[in-house]
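Colleague: Those protein sequence lines, which keep their order, are chains X and U.
Our numbering puts the first sequence at residues 1 to 124.
Our numbering puts the second sequence at residues 1001 to 1137.
Using N, Cα and C, we set each Cβ at its ideal position, and we do this for glycine too.
In this text the structure is predicted, and so the values were computed from the model without any measurement.
Structure provided below as structure tokens; questions to follow.
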Amino acid sequence: MNSTNTHVAEQNRYEREIVPAVDIYENETGFVVTVDMPAVSKENVAVTLHENTLDIRGTVTADEKERESLRYGEYALYNYHRTFTVGDDIDPNGVSAKIENGVLTLTLAKREEVKPKKIEIAVH
Amino acid sequence: MITASDLFTDMLGLRSIFDDFFTATTHRYTNAGNYPVVNVYHAGDAVEVRALVPGVTADTITLELVDRDLVIKGARTAANEQHAYIRREREFGEFTRSVRLPIAVDRDSITATLKDGVLRVTLAASEAAKPKRIAIQ
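Dropping the structure here:
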């Protein structure tokens, strides 16, 4: 068996990336970003916010043996990667992340000074 | 040597190039009417069906074996109802998916797990589907 071919195929396999589907909405305190990342567990998620760039990565650990027994396939799993540019109104220290059932939820808090402030009207 | 699974991987890659070109969508693994996408594995007497169901909880999923088909039903509900979306690419709602199994399976030995948004259903070959050695007289 020529192992070189297998090696090259494997390289391609891991260099490919999936751009995951994302929902984003804004609420009173900030932005919520939800990302579909099936087959990614908590320890394999990396989220960084650096100079207004939000970088989201999820690593899929695939088992080579499983491919041998594949009879019918509609999906192939690769690592997930998606990048967003965020505005200056995001607090860099106010980013939190959780992953549940293969869905990553990021909460980006707005800076205090840009949050809507209710102004009390003084009654005389 | 190029194995069948290598060819398959390359074919999938080619398909995604066309998908990207014609649909210009980012969620290439959720095609409408084909949700959720599944892979079927078969080795020895065991069949495993995997489905990508991110955000679907186990209590909403029902599995049925109808003849040679595994029927997966479930629902995905949106966490956000009141706020307007800035970007909306994920889909929600009820789904039904029927998967034809490669062999006849034993109705009483089916197990399923749900982890990280991947549903794994393990099925065993029925006695009738197992190979039988025939003695030559």
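(1) Starting from X:Leu104, follow its DSSP beta bridges and name the residues at the other end.
(2) Name the chain U residues that come within less than 9 Å of X:Leu54, Cβ to Cβ?
(3) Examine chain X for any beta-carbon lying closer than 8 Å to the beta-carbon of U:Asp1059, and answer yes or no.
(4) Spatial neighbours of X:Ala21 within its chain, please: CB distance less than 6 Å, with the 5 preceding and 5 following residues excluded, ordered by chain position.
(5) Give a yes or no on contact between the stretch 78 to 88 of chain X and the stretch 51 to 63 of chain X, applying the rule of three or more CB pairs nearer than 8 Å.
(6) Using CA coordinates, which residue listed in U:Pro1102, U:Gly1013, U:Ile1134 is at the minimum distance from X:Ser69?
(7) Can you list, in chain order, the residues of its chain with a C-beta nearer than 8 Å to that of X:Val103? Leave out the 5 residues immediately preceding and following it.
(8) Distance check for X:Tyr78 and U:Leu1123, CA to CA, integer angstroms please.
(9) Use the C-beta contact count for X:Ala76: other C-beta atoms within 10 angstroms, 16 or more gives buried, fewer gives exposed.
(10) Mind checking the stretch 68 to 81 of chain X against chain C and listing, in chain order, the residues whose C-beta falls within less than 9 Å of any C-beta there?
(11) With DSSP collapsed to three states, give me the class of X:Glu51.
(12) Using alpha carbons as the reference points, say which of U:Ala1129, U:Ala1043, U:Leu1119 lies closest to U:Ala1058.
(13) Thinking U:Phe1095 and U:Gly1117 are a contact (beta carbons under 8 Å), I'd like their distance in whole angstroms, please.
(14) Closest by CA to U:Thr1060, which one among U:Val1066, U:Ala1135, U:Arg1076, U:Asp1067?
(15) Compare the Cα-Cα distances from X:Asn44 to each of X:Glu100, X:Thr107, X:Ala109, X:Leu108 and report the closest residue.
(16) Run down chain U in chain order and give the residues with a C-beta less than 9 Å from the C-beta of X:Ser41.
(17) So, for X:His81: in the same chain, excluding its five sequence neighbours on each side, which residues have a beta-carbon less than 6 Å away from its beta-carbon?
(18) Within the 8 Å Cβ cut-off, does X:His36 reach chain U?
(19) Just how far apart, CA to CA, sit X:Leu108 and X:Thr29?
(20) How long is the line joining the alpha carbons of U:Glu1166 and U:Val1121, rounded to whole angstroms?
Modeller: On the basis of the supplied data:
(1) Taking the first residue of the first sequence as position 1, residue 104 of chain X is located at position 104. X:Leu104 is bridged to X:Val35, X:Ile99.
(2) Mapped onto the first sequence, residue 54 of chain X falls at position 54. The contacting residues do not exist; X:Leu54 stays about 13 Å from chain U at best.
(3) Counting from 1 along the second sequence, the entry for residue 1059 of chain U is found at position 59. U:Asp1059 does not count as touching chain X.
(4) For the purposes of this step, residue 21 of chain X is taken as residue 21 along the first sequence, with counting starting at 1. Only residues of its own chain outside the window of five on either side were considered, and among them Asp36 have a CB closer than 6 Å to the CB of X:Ala21, listed in chain order.
(5) Verdict: yes, contact present.
(6) Along the first sequence, one-based indexing puts residue 69 of chain X at 69. Closest by C-alpha distance to X:Ser69, out of U:Pro1102, U:Gly1013, U:Ile1134, is U:Pro1102.
(7) Numbered from 1 along the first sequence, position 103 holds the residue referred to as residue 103 of chain X. Take X:Val103, set aside five residues on each side of it, and the residues of its chain with a beta-carbon closer than 8 Å to its own are Thr34, Val35, Asp36, Met37, in chain order.
(8) Your numbering for residue 1123 of chain U matches position 123 in the second sequence. Your numbering for residue 78 of chain X matches position 78 in the first sequence. Put simply, the backbone Cα of U:Leu1123 is about 26 Å away from that of X:Tyr78.
(9) In the first sequence, residue 76 of chain X corresponds to position 76, counting from 1. Residue burial annotation: X:Ala76 is buried, with at least 16 other C-beta atoms found within 10 angstroms of its C-beta.
(10) Protein chains X and U are contained in the structure displayed, whereas chain C is not.
(11) Taking the first residue of the first sequence as 1, we reach residue 51 of chain X at position 51. Three-state DSSP puts X:Glu51 in coil, outside helix and strand.
(12) In the second sequence, counting from the first residue as 1, residue 1058 of chain U sits at position 58. Considering only alpha carbons, the answer is U:Leu1119.
(13) Taking the second sequence and counting its residues from 1, one reaches residue 1095 of chain U at position 95. Taking the second sequence and counting its residues from 1, one reaches residue 1117 of chain U at position 117. The C-beta distance from U:Phe1095 to U:Gly1117 rounds to 14 Å, too long to meet the 8 Å contact threshold.
(14) Translated into positions along the second sequence, residue 1060 of chain U becomes position 60. Comparing Cα positions, the closest option is U:Arg1076.
(15) In the first sequence, the residue the question calls residue 44 of chain X occupies position 44. Closest option to X:Asn44, judged by alpha-carbon separation, among X:Glu100, X:Thr107, X:Ala109, X:Leu108: X:Glu100.
(16) Translated into the one-based positions of the first sequence, residue 41 of chain X becomes position 41. In chain order: Lys1115, Asp1116.
(17) What you label residue 81 of chain X is simply residue 81 of the first sequence in a count that begins at 1. Here the set comprises Glu17, Arg57.
(18) By one-based count along the first sequence, residue 36 of chain X stands at place 36. Looking at the sequence shown, residue 36 of chain X is not His but Asp. It does: the Cβ of X:Asp36 has a partner Cβ on chain U nearer than 8 Å.
(19) For the purposes of this step, residue 108 of chain X is taken as the residue at position 108 of the first sequence. For the purposes of this step, residue 29 of chain X is taken as the residue at position 29 of the first sequence. Rounded to whole angstroms, X:Leu108 to X:Thr29 spans 8 Å at the Cα level.
(20) Summary: the structure shown does not reach residue 1166 of chain U, with chain U confined to residues 1001 through 1137, and so no result is reported for it.
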